[in-house]
Structures are given as C-alpha cells and as structure tokens.
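Here's the structure we're looking at; comments come further down.
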Amino acid sequence: MSDDAETLFERIIAGEIPADVVYSDDTTFAFRDIRPQARVHVLVVPKKRYRNVAELAAADPQLLADVAKTAEKVAELEGIKESGYRVVFNTDSDAGQTVFHVHAHVLGGEQLGLFGR
Ligand code: 5GP
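At position 34 of the sequence shown (counting the first as 1) the number is 1437 in this note's numbering, and the numbers step up by one without a gap.
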C-alpha cells in the first residue's frame, strides 16, 4: 500500500483530486466511484480516516452510524431508496480492498447479481 493509496480519499475530500460529489456534511462525504459496478455506485466515507469498518466501529460508533445514514441519504438523492440498494464494506485483500480509508459502496439502480465470484 503506497502513501498515495492511503491518502487518496483524503485528497478527494479536500478537493485536491476532482470527484463527482453527491453529498457532504460535517462528518461524511459521498462521491461517485470512478469505475462504477452498477448504474448507481457511490462511495461514502467518514471524513476522518480509519482503515476499515471494524476499526471505525471500535473507535467511533457514532461516526459509523453517520456513514450508514449518509448511505440512505445517497439512496434517497439517487432515487433508489424505494427500489433497494446494497451497502458493502470491502475489508482487506480477499475482499479486494484497495483504498485503506474505510468506505461504503452504495450500489443500486438495477437488479444486482448474487454474491460470489
Ligand atoms: P475498494 O476496492 O477499496 O473497496 O474500493 C475502492 C474504490 O475506489 C474502487 O471501486 C475504485 O474504483 C474507486 N476509486 C479508486 N480511485 C478512485 C478515484 O480516484 N476516484 C474515484 N471517484 N474513485 C476511485
């Protein structure tokens, strides 16, 4: 993991790297994934960096709740709250985590496939 990978989302939050921002508030930030895996694919991050969802939950449960609420807010803004959506936290290598600033993938806008390879 390079330093760049560690700080990528912090640089996006700071506006140093352009992103298609969907929502922002005091504690969370949401922007479109650069390589969307569904019609709607938005990443929700806490502005404060933790490595993964377990570290976030242990250190700051309220901030994890904020991320969950922002995921619902994004679904509302994207018009997929009623049809349903998926929230995913990839954790470490077998799950394919590439950015070690915890982020929720919010996916929807179409019928999603089942889990698996
Ligand atoms: P992970 O694989 O860590 O769960 O998810 C990282 C996500 O960040 C990937 O889906 C990837 O497409 C997305 N991503 C990587 N670099 C950028 C970037 O510079 N801008 C945006 N908007 N998304 C990025």
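Note that CB positions come from ideal geometry on N, CA and C, so glycine has one too.
Note that the coordinates shown come from a computational prediction; the quantities given were computed from them, not determined experimentally.
How about Ala1507: is its C-beta nearer than 8 Å to some C-beta of chain C? Absent here is chain C; the protein component of the structure consists of one chain.
Roughly how many angstroms separate the alpha carbons of Thr1410 and Val1447, rounded to a whole number? In the sequence shown, residue 1410 corresponds to position 7, counting from 1. In the sequence shown, residue 1447 corresponds to position 44, counting from 1. The straight-line gap from Cα to Cα measures roughly 15 Å.
Just to confirm, is the Cβ distance from Asp1469 to Pro1449 under 8 Å? For this step, residue 1469 is matched to residue 66 along the sequence shown. For this step, residue 1449 is matched to residue 46 along the sequence shown. Yes. Within cutoff.
Confirm, please, whether the CB-CB distance from His1508 to Phe1412 is below 8 Å. Position 9 of the sequence shown, counted from the start, is the residue given in the question as residue 1412. Position 105 of the sequence shown, counted from the start, is the residue given in the question as residue 1508. No. Outside cutoff.
On the three-state DSSP scale, how would you describe Val1456? As a working note, residue 1456 is residue 53 in the sequence shown. It is helical.
Please work out which residues of its chain come closer than 6 Å, Cβ to Cβ, to Ile1416, disregarding the five sequence neighbours upstream and downstream, and give them in chain order. Indexing the sequence shown from 1 puts residue 1416 at position 13. Contacts found: Phe1432, Lys1450.
Minimum length 4: unbroken alpha helix (DSSP H) runs contained in the stretch 1407-1445: none
Following a CB-centred definition, is Gln1465 positioned closer than 7 Å to any heavy atom of the ligand 5GP? By 1-based counting over the sequence shown, the position of residue 1465 is 62. The answer is no for Gln1465.
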